[in-house]
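*Asks:* Dropping the structure in here first, questions after.
Numbering (our numbering), first residue to last: 7 to 261.
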């Protein structure tokens, strides 16, 4: 479970950033996330939506202990992200846009390396590895050097590396961004598999089709503020437009 309570993240602006904000902007700081709260439950998929610069990646990085909230608190698997950050990392898998893979290694070597970092024994590793490689259709390139793989193949390796230790909480920041339809479908199946295994799954996306396919709950962030937080069913019931995409645009443009 992930519980975020009244989280705020304030960044100090450089001189260049202040100039880019325009003459009407006053002050030396900006709130990327403004007093938002939400809860992500085990066995459910929580979609975090927002336009570029809305604050969603900042929120995800606070969950992953990469950033500290300026105020408020976040717990992951009942551990505080600030005071118990190491325990959070042990129970969390976080996929970012930067794959950070080693081109000279193979997928097998890369995944095994991260399994060893997490202290997995061979039996648990082999079972988990075989399940994930089969789910993402990776056996055909498991022993090729990563530097020779396609973008979609590399993303699959990144995902398996992220969750090889079978964490209770999984956070995917735009996991299908820039991928083809087949690879995206593999990742959708993986997210469903994680949910069915009782994991807490959080993902951000620009693809509204994935929201309707995957999410049980969703939140919309715009300009650092929470515009909606509830179940997908509640969101659909109060829509004023025909589609999820249209409703998302309506909410963002009205703020």
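C-beta atoms are modelled at their ideal positions from N, C-alpha and C, and glycine is treated no differently.
The structure displayed is predicted, hence computed values, not measured ones.
When you compare only the Cα positions, how much space is there between residue 149 and residue 205?
*Replies:* Whole-angstrom Cα-Cα distance: 29 Å.
*Asks:* Classify residue 129: buried if its beta carbon has 16 or more other beta carbons within 10 angstroms, exposed otherwise.
*Replies:* Residue 129 should be labelled exposed.
*Asks:* Which residue's Cα is closest to the Cα of residue 89: 74, 109, 97, 100?
*Replies:* Among 74, 109, 97, 100, the Cα nearest to that of residue 89 is on 74.
*Asks:* Measure from the alpha carbon of residue 96 to the alpha carbon of each residue in 247, 53, 170, then state which is nearest.
*Replies:* Of 247, 53, 170, the residue nearest in Cα terms is 170.
*Asks:* Residue 220 lies in the alpha helix (DSSP H); which residues open and close that run?
*Replies:* Here the alpha helix (DSSP H) through residue 220 covers 214-220.
*Asks:* Rounded to the nearest angstrom, what separates residue 44 and residue 10 at their Cα positions?
*Replies:* Near 5 Å, if we compare the C-alpha coordinates of residue 10 and residue 44.
*Asks:* Do residue 110 and residue 151 have their beta-carbon atoms positioned less than 9 Å apart in this structure?
*Replies:* Yes, these two residues count as a Cβ contact at 9 Å.
*Asks:* For residue 100, I'd like the list of residues in its chain whose CB is within less than 7 Å of its CB, leaving aside the five on either flank, ordered along the chain.
*Replies:* Closer than 7 Å at the Cβ level, and outside the excluded window around residue 100, lie 70, 168, 177.
*Asks:* Might you give, ordered along the chain, the residues of its own chain that have their beta carbon closer than 7 Å to the beta carbon of residue 201, omitting 5 neighbours on each side?
*Replies:* For residue 201, where only same-chain residues beyond five positions count, the Cβ hits under 7 Å are 49, 50, 51, 207.
*Asks:* Which stretch, first to last residue, makes up the beta strand (DSSP E) that contains residue 55?
*Replies:* Its beta strand (DSSP E) spans residues 50-55.
*Asks:* Measure the alpha-carbon distance for residue 123 versus residue 28 and round it to whole angstroms.
*Replies:* Taking the straight line joining both Cα atoms gives about 46 Å.
*Asks:* Would residue 154 be called buried (16 or more neighbouring beta carbons within 10 Å of its own) or exposed?
*Replies:* It counts as exposed.
*Asks:* Within 10 angstroms of its Cβ, does residue 172 collect 16 or more other Cβ (buried), or is it exposed?
*Replies:* Residue 172 comes out buried.
*Asks:* DSSP beta-bridge partners for residue 11?
*Replies:* According to DSSP, residue 11 bridges with 79.
*Asks:* Determine the burial state of residue 157: buried for a count of at least 16 other Cβ atoms within 10 Å of its Cβ, exposed for fewer.
*Replies:* Burial call: exposed.
*Asks:* Return the chain-ordered list of same chain residues with a C-beta closer than 6 Å to the C-beta of residue 77, the five sequence neighbours on each side being excluded.
*Replies:* These residues qualify, in order along the chain: 14.
*Asks:* Please say whether residue 94 and residue 65 have beta carbons closer to each other than 9 Å?
*Replies:* No. Outside cutoff.
*Asks:* Reducing DSSP to helix, strand and coil, say where residue 242 ends up.
*Replies:* It is helical.
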